[in-house]
Amino acid sequence: MARLVFGMNVSLDGYVDHEKFAPDPVLFRHFIDQVRGSAGSIYGRRLYEIMRYWEQDDPAWTPDLREFAAAWRAEPKWVVSRTLTSVGPNATLVSDDVEAVVRRLKQELEGDLYVGGPMLAHALTGLIDEYRLCLHPVVLGGGDPFFAGPRPPLRLVSHRRIGGEAIELTYVPV
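Numbering (the numbering used here), first residue to last: 3 to 176.
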């Protein structure tokens, strides 16, 4: 049975924004390994459209960027959207009964199944088994909050520094 995990880079004041701060090389390596070892990812439309960047090759990419792109392309993906009509390779479009689809995936798969995007995570709050916040020493002052709705009751189960500045905080629902 898979565990549903919601994890993203987050600022000290609780916002996510891939353009305002980025992982250092050690944390990026952690993300490469995470994607390579995952059971798959479930994306909301907005985050999936951002992540489609990795479908194209860029000759200027470093070896780590190429490695992440290869891992991301190989990872099974489910994209939750009522507006998209198609998705890219190794992705399945989910437009109806998202909760039932996620329950089935949790039953059928083994390992960590990641949910991407705060709005989608909020919609799946009752199904999320673990929250992983990669906390960065940045204050954004606004943007998309990590928790798109009321924060569920959580218990801290682990913390660790990854790279030079990020702290990964792992919580489980109480």
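Note that the Cβ used here is the ideal one computed from N, Cα and C, for glycine as well.
This one's a predicted model, so the numbers in the text were calculated from it and none came from an experiment.
For Thr-64, which option in Thr-87, Pro-27, Val-89, Met-53 has the closest C-alpha, if you only look at C-alpha atoms?
When each option's Cα is compared against that of Thr-64, the closest is Pro-27.
Meets three-Cβ-pair contact criterion under 8 Å: the segment 37 to 48 and the segment 79 to 98
When C-beta atoms of the segment 37 to 48 are compared with those of the segment 79 to 98, three or more pairs fall below 8 Å, so the two segments count as touching.
Cβ-based burial, Ser-43 [other Cβ within 10 Å; buried from 16]:
The residue in question, Ser-43, is buried, as its Cβ has 16 or more Cβ neighbours within 10 Å.
Could you check what DSSP says for Arg-5 in three-state terms: helix, strand or coil?
Arg-5 falls in the strand class under three-state DSSP.
Ordered list of beta strand (DSSP E) runs contained in the segment 61 to 89, each at least 3 residues
Taking only runs of at least 3 residues, the beta strand (DSSP E) segments lying wholly in the segment 61 to 89 are 79 to 82.
So is His-161 buried or exposed if we call it buried at 16+ other beta carbons inside 10 Å?
Residue environment analysis places His-161 among the exposed positions, since fewer than 16 neighbouring C-beta atoms fall within 10 angstroms of its C-beta.
Start-to-end residues for the alpha helix (DSSP H) that takes in Leu-156
Unbroken run through Leu-156 is the beta strand (DSSP E), 156 to 164; no alpha helix (DSSP H).
May I ask you to list the residues that DSSP assigns as paired with Leu-37?
This sequence places Val at residue 37; Leu is not what is there. Answer by DSSP bridge pairing: none, since Val-37 is not bridged.
Short Cβ contact (8 Å threshold) for Ala-4 with Leu-171:
Not in contact: Ala-4 and Leu-171 (Cβ atoms no closer than 8 Å).
Could you check which residue in Pro-155, Arg-153, Leu-137 has the C-alpha nearest to that of Arg-163?
Closest option to Arg-163, Cα to Cα, is Leu-137.
Within the same chain, show all residues whose beta-carbon is closer than 6 Å to that of Phe-8, passing over the 5 residues directly before and after it, in chain order.
The answer, listed in chain order, is Val-117, Ala-123, Ile-130, Tyr-133.
Any idea what DSSP makes of Pro-27, helix, strand or coil?
The three-state reading of DSSP puts Pro-27 in helix, counting H, G and I together.
What's the gap between the Cα of Glu-69 and the Cα of Trp-80?
Cα atoms of Glu-69 and Trp-80: separation of roughly 21 Å, rounded to the nearest angstrom.
How many angstroms separate the CA atom of Leu-156 from the CA atom of Pro-61?
Rounded to whole angstroms, the gap between the alpha carbons of Leu-156 and Pro-61 is 43 Å.
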